[in-house]
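Asks: Here it is: the structure, laid out below.
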Amino acid sequence: MKNSIHALIASLAVSALTILPSCKSGKALLPNVSGKAGEVVVVMQEDMWNGALGTAVRGSFAADCEFLPQKEPLYDLVNVIPSGFTNMFKMHRNIVIFNVDGKITEPGVIYKNDVWAAPQCVISVNAANLEGAQILLEENLPQMLVYVEQAERNRIIANSRLYPERSLDPIVTEMVGGSPVFPSGYTLRKKSENFIWIAYETTYTTQGILIYKYPSSGTQADFELEDIIRHSDEILKENVPGMFDGTYMMTSTFATPSITFEKYQGRAFASVHGLWEVYKDFMGGPFVSHVFYSRDGKEMIVMQGFVYAPKFEKRHYLRQVESILYSFSWASPDRDTKE
């Protein structure tokens, strides 16, 4: 693909989508969605799935997820033929339906929430013929990827809000003026005047959130990738030591990080994806950062999520920490901390 997946799913495109409400009333009565996180059911005739249309779907929705140490698809796809699209599959969290029928007079792509279950996203691609379906897919692919990614992200954030680790909120808010929503299980590892390290750790995995700030220049250089990485490496070297003397976290030079500029719920920020490693050690993994101005514009605030899971696939772990970054909100101006 010419454009990176991360550029395609940049959340700035979300506002352009036309989201239709559920065709059912009484949303609260809908059953919970089924299926694994990061999974998409694609309803399509078998011959189409084995042909050019199916190849295009797999080449986009199942493209390699960028900035992971090993190959993992962006989403896991499950193909279901229309006659097999029974109630069991209708309960799935993410569904993309290709309706290709000569009787269709109004081709297009329709986005709906919570049609058969909740919280669910359903995309219908309606075309009179195969060629039309392929054109619609090509023209609407960025929005389709955004829609599914946003749905996955919203589910994670919603779960975090159900079981938040409230003790962390005032700690972060005191330093930067706002806080993400941290799920239960995250704990404070380190705190200084300009640096906070919060993590969820198990025997074999670590999901970490580093929050730090430094003076802004008030110029465009604040959002240049080279400047962001330079500040990051300086702060990580000082605050995130490795297991042995003389080792510390740093941005990996194995792959050049990417940067996109997004706006989500009124907050503009630079989103940086890359790999991290430990200097003079063999530890490493993926990271994602949100970089934005403080409320007064005098400081740069960085929220950096990282994953260490050497025995496991890392796509979902990274999506989880990235969702925490997206959940950030400023505290009310007249309050020191949020509720």
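Its first residue numbered -15, the sequence shown is counted upward by one per residue in the numbering used here.
Think of the CB as a built atom: it goes at the ideal place given N, C-alpha and C, for glycine as much as any other residue.
In this text the structure is predicted, and so the values were computed from the model without any measurement.
1. Thinking C-beta only, is Gly202 closer than 8 Å to Ser313?
2. Closer than 6 Å by C-beta to Val286: which residues in its own chain qualify, once you throw out the five before and the five after it? Chain order, please.
3. Using the three-state DSSP reduction, which class does Gln249 fall into: helix, strand or coil?
4. Cβ of Val398 within 8 Å of Cβ of Gly281?
5. Find the nearest neighbour of Leu13 within the set Ala101, Leu120, Glu158, Thr231, judged by alpha-carbon distance.
6. Based on DSSP bridge pairs, tell me the residues matched to Gly269.
7. Tell me which residue opens and which closes the beta strand (DSSP E) that Met234 is part of.
8. Which residue from Ala254, Met233, Lys247, Ile182 puts its Cα closest to that of Asp211?
9. Looking at the structure shown, is Ser325 part of a helix, part of a strand, or coil, going by DSSP?
10. Assign Pro294 to one of three DSSP states: helix, strand, or coil.
11. For Pro325, which residues in the same chain have their Cβ closer than 6 Å to its Cβ, ignoring the five residues on either side in sequence?
12. By DSSP, does Gly92 sit in helix, in strand, or in coil?
13. DSSP on Arg137, reduced to helix/strand/coil?
14. Within 10 Å of its beta-carbon, does Ser(-1) have 16 or more other beta-carbons around it, so buried, or fewer, so exposed?
15. Using a Cβ cut-off of 8 Å (strictly closer), state whether Ser236 contacts chain B.
16. Tell me where the beta strand (DSSP E) around Ala331 begins and ends.
17. Is it a yes or a no for the region 264 to 271 touching the region 151 to 159, going by three-plus beta-carbon pairs under 8 Å?
Replies: In short:
1. no
2. Tyr196, Ser273, Val275
3. coil
4. There is no way to answer for residue 398, as the model of the chain reaches only from -15 to 323.
5. Ala101
6. Trp260
7. 233 to 235
8. Ala254
9. The chain is shown from -15 up to 323; residue 325 falls before or after that span and cannot be answered.
10. coil
11. Because the chain in this structure spans residues -15 to 323, residue 325 falls outside the shown range and cannot be described.
12. strand
13. helix
14. The predicted position of Ser(-1) is uncertain, since its pLDDT is 41 and thus under 50; no value can be drawn from it.
15. Reference to chain B is not applicable here, since this structure consists of a single protein chain.
16. No information on residue 331 is available, as it lies outside the stretch -15 to 323 that the chain covers here.
17. no
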